[in-house]
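What follows is a single structure, written as structure tokens, with notes after it.
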Amino acid sequence: MAAWLSQPVQLHSSRKFNCEDITPEECEYYYQRWHYWYEADHVFALPTVAFFMCTIGIFIIARVISRTLSYRIGRGLPIWRRIIAAVRYLSYRGFYVKKFRWSSPSVGLLMLASIGTTYFFCMDLAPKPYYWPNLNWGNSPALGTRSGWLALACMPFVFATASKANWITLLTGVPHEKLQVFHRWISYAFFILALMHTFSFIVYHIRNADMVHQITESNTLVYWTGIVALVLQAWLTFASFSFFRNLGYEFFKAAHIFAVIVFMLIFFWHCNFRLTSWDYFIATAAVYIPCLLYSWLRTFFEYGIGQKAQIVIEDNGFTRITIPANFEWVPGQHCFLRFPSFGIHALTSHPFTICSLPSVSPHEQSNLTFYIRHQGGFTAKLYNYATKQASVSAPVLIDGPYGGIDRQKFYNSDHVIVITGGSGAGWSLPFIEQFCRHYLSMANKTNIPNMEASDEEKNTSGDPQSLVSTLSMRVVLATRESATSVWFQRRVGEILSQHSLEHSSLDLDLQVYVTSETKRDSYSPGVLADQENAVSLQIVGDTTTQKDNEKGERMTCNLLIQEQHSRPPLPLIIQEEAAKVAEARQSLGVFVCGPHTMQNDVRNAVAKENLRLVNNPSFEGVYLHMEHFSWA
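Here it is as structure tokens:
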């Protein structure tokens with residue numbers, strides 16, 4: 001290793017340094033791998049590109065293995081179950097700092113971040129010297145040179161992880177919203193390296209007592225473009241923190257895009273075609289521009305600009321947006337909506353999760369449905385616009401769908417838990433409908449049109465009733481409003497009625513937790529006469545078949561509705577379900593959408609169950625999919 005570190009670099013004919021003004025020993029030292037300025041781009045920038053590409057390659061390989069390894073083979077190998085459980089534990093386990101209301105990334109992501117941090121510190125700080133002992137070696141200190149090229153190599157990957165449609169998602173299957181953490185982390189590395197590059201030059205010229213001369217006379221262009229670029233980069237970095245971003249998202253996004261454009265122009269000017277610096281700007285454009293154009297071209301030519309969105313206010317105060325659609329999507333996917341007629345809000349698009357599924361019939365129109373709880377800014381304007389009359393419409397541009405669940409993981413789960421909070425009630429509806437379709441598909445031994453069947457569905461044989469007897473879903477909703485509870489139960493009833501499952505053996509357990517209101521008596525005899533509640537219950541099933549028990553539960557066939565006035569004991573719920581599947585040697589899938597505290601409880605509970613599986617692979621494991629309220 002020492003011999004490799006000290007060996008001279010392979011020089012290009014056009015990259016030579018004049019050694020006439022230094023001693024032969026100094027010349028030999030200067031030509032070593034970590035010192036020679038004219039090969040710094042190859043020694044520092046190219047390994048950084050290789051580091052990022054290898055990381056992406058690991059995720060590509062993992063995806064290929066996951067897709068190509070047979071599900072049936074995997075289920076029969078304890079060692080494979082142990083490996084999967086260990087990977088899931090690292091992917092799910094996280095920490096929550098209550099004092100700062102901050103949820104950490106998973107242990108696996110923190111390990112990946114530590115590897116990246118170690119790489120950059122070693123590449124930048126391990127080589128010596130930091131400053132040249134001889135002024136004849138040039139005006140670029142060694143530390144500044146290393147930092148500059150390491151920073152420049154980060155730039156294409158900052159942009160590669162920023163776009164909604166991107167190459168990394170295409171190759172790895174990791175959706176763009178989960179790449180946002182890498183976008184931020186690489187941006188932090190980019191900025192810190194730029195600071196080290198800048199301050200090493202300042203220290204160097206202060207020592208040489210020529211700082212004023214460098215700024216005012218000698219290298220005015222280089223220094224001032226560097227300062228402006230650094231200021232813009234600081235704004236891009238710190239203004240992206242959630243605290244500042246949430247103060248005004250529209251302003252943040254517009255200012256962010258403007259600052260990026262100006263930064264790229266100034267930074268290009270600052271680099272001034274040094275060595276291969278231009279190559280990294282070309283790579284950035286090659287990575288980002290096609291992705292940006294793809295999103296816009298798909299919006300205009302596939303979805304069209306004549307789409308109209310119907311906007312209605314629901315009984316519980318949610319804003320419902322309905323848009324006709326002619327494409328497919330899966331539960332958990334989201335679209336970016338842009339309303340051209342909404343003034344300044346037309347400059348930005350906003351992500352909303354789709355709360356419906358495409359029609360199974362080729363003769364029936366599919367509709368994108370979004371349920372939105374208005375807060376401030378755009379959602380408040382949307383709500384006020386819809387209150388003008390019973391039903392209004394507005395032109396809309398659609399970009400998406402993006403993200404979503406791995407449907408094969410959904411199908412391969414014998415038992416499913418869907419956990420959601422507040423406005424996530426609408427998010428859970430496609431899961432319930434997908435479960436109903438999956439149930440019918442398994443019961444009828446046929447595939448539903450426009451629905452990709454899993455290998456388990458295609459290859460399973462035996463009595464259809466025995467196939468569906470193991471399928472179950474448990475839905476847990478935590479909400480502050482009783483109105484949302486009533487609304488949610490009615491929507492679930494409509495889904496069951498639509499699929500004619502009111503009197504089936506469908507095993508669906510619906511639990512609603514009202515967390516901030518006093519005891520609600522919607523199920524007491526005196527309230528059953530209320531029209532809204534009566535309609536809700538009748539949609540679920542024939543009211544003559546309903547039974548009350550001592551706990552206030554209502555059973556309609558196998559649909560169990562429970563309403564409680566407390567916070568849901570999420571770790572206990574997951575522990576109970578995991579114990580059931582462990583006893584039956586089956587699999588469990590957990591899907592959650594809610595605030596950070598809810599997600600932290602769920603992911604750590606699932607991680608705990610997978611850790612237990614590592615020690616004793618007696619069942620098929622617990623899979624987790626998390627959907628954040630805010631990931632941008």
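632 is the number that the UniProt record's numbering gives the last residue of the sequence shown; the numbers go up by one with no jumps. C-beta atoms are modelled at their ideal positions from N, C-alpha and C, and glycine is treated no differently.
Query	Result
Could you say which of PRO395, LEU337, VAL360 lies nearest to GLY306 if we only look at CA atoms?	PRO395
ILE60 and THR237: beta carbons closer than 7 Å?	no
Please classify SER500 as buried or exposed, where buried requires at least 16 other C-beta atoms within 10 Å of its C-beta.	exposed
According to DSSP, is GLN531 part of a helix, a strand, or is it coil?	Note that GLN531 scores a pLDDT of 32, beneath 50, so its modelled location is shaky; the value from the coordinates is reported in the next line. Note: GLN531 maps to helix in three-state DSSP.
Measure the alpha-carbon distance for PHE301 versus PHE251 and round it to whole angstroms.	28 Å
In terms of alpha-carbon separation, which member of LEU112, ALA40, ASP41, TYR96 lies closest to TRP185?	LEU112
Do the segment 272-280 and the segment 359-369 touch if we need at least three Cβ pairs shorter than 8 Å?	no
Tell me the rounded alpha-carbon separation between ALA254 and LEU347.	8 Å
Excluding the 5 residues flanking LEU397 on each side, which residues of the same chain have their C-beta closer than 6 Å to its C-beta?	THR299, ARG338
Sort SER106, PHE100, ILE79 by Cα distance to ARG88 and report the nearest one.	SER106
By a C-beta neighbour count over all protein chains shown, 10 Å radius and 16 as the cutoff for buried, is ILE65 buried or exposed?	exposed
Which same chain residues, not among the five before or five after GLU328, have their C-beta less than 6 Å away from its C-beta?	PRO358
Quick check: what's the CA-CA separation for VAL614 versus TYR623?	14 Å
Decide if the segment 580-600 is in contact with the segment 400-415; the criterion is three or more beta carbon pairs, one per stretch, under 8 Å apart.	yes
Going by CA-CA distance only, name the one from ARG373, HIS363, TYR303, MET626 that's closest to ILE311.	ARG373
Keeping to the same chain, check which residues put their C-beta closer than 7 Å to that of PRO571; ignore five residues upstream and five downstream.	ASP601, ALA605
Take the Cβ of ASN208 as the centre, count every other Cβ of all protein chains shown within 10 Å, and call the residue buried at 16 or more, exposed below.	exposed
Please list the terminal residues of the continuous alpha helix (DSSP H) segment that includes residue 633.	For residue 633 there is no data in the structure shown, the boundaries of the chain being 1 and 632.
Consult DSSP for GLN375 and reduce its assignment to one of helix, strand or coil.	coil
Based on Cα-Cα distance, which residue from LYS580, THR515, LYS608, TYR288 lies nearest to GLN564?	THR515
Evaluate CYS122 with the Cβ neighbour count: other Cβ atoms within 10 Å of its Cβ, from every protein chain shown; 16 or more gives buried, anything less gives exposed.	exposed
From the DSSP output, read off the bridge partner residues of LEU477.	THR420, VAL512
Determine whether the beta carbon atoms of ALA86 and ALA151 lie at a separation below 7 Å.	no
Measure the C-alpha to C-alpha separation of GLN531 and ILE405 and round it to an integer number of angstroms.	The predicted model places GLN531 with a pLDDT of 32, which falls under 50 and marks its position as unreliable; any figure quoted below should be read in that light. Distance between the alpha carbons of GLN531 and ILE405 is about 37 Å.
How close, in whole Å, do the beta carbons of ALA478 and PRO331 come, if the pair is a contact with beta carbons under 8 Å?	Actually they do not touch by this definition, with Cβ atoms about 19 Å apart.
Go ahead and label HIS213 buried or exposed: buried means 16 or more other beta carbons lie within 10 angstroms of its beta carbon, across all protein chains shown.	exposed
Starting from GLN233, trace the alpha helix (DSSP H) in both directions and tell me its first and last residue.	220-238
With DSSP as the reference, please indicate the residues paired to GLU627 in a beta bridge.	CYS593
Taking the alpha carbon of PHE100 as the point to measure from, which residue in PHE243, PHE281, GLU583, PRO78 has its own alpha carbon closest?	PHE243
On a Cα-Cα basis, can you pick out the residue from PHE51, GLN180, SER200 that is closest to THR145?	SER200
Once you ignore the five residues that flank THR161 on each side, which residues in its own chain have a CB closer than 6 Å to its CB?	LEU179, PHE182, HIS183
Helix or strand or just coil, what does DSSP make of TRP296?	helix
Starting from TYR402, trace the beta strand (DSSP E) in both directions and tell me its first and last residue.	397-403
Name the two residues that bound the continuous beta strand (DSSP E) containing LEU337.	333-338
How many angstroms separate the CA atom of TYR30 from the CA atom of GLU609?	56 Å
Between the Cα of ALA142 and those of ASP41, PHE95, MET211, GLY116, spot the shortest distance and give me the residue it belongs to.	ASP41
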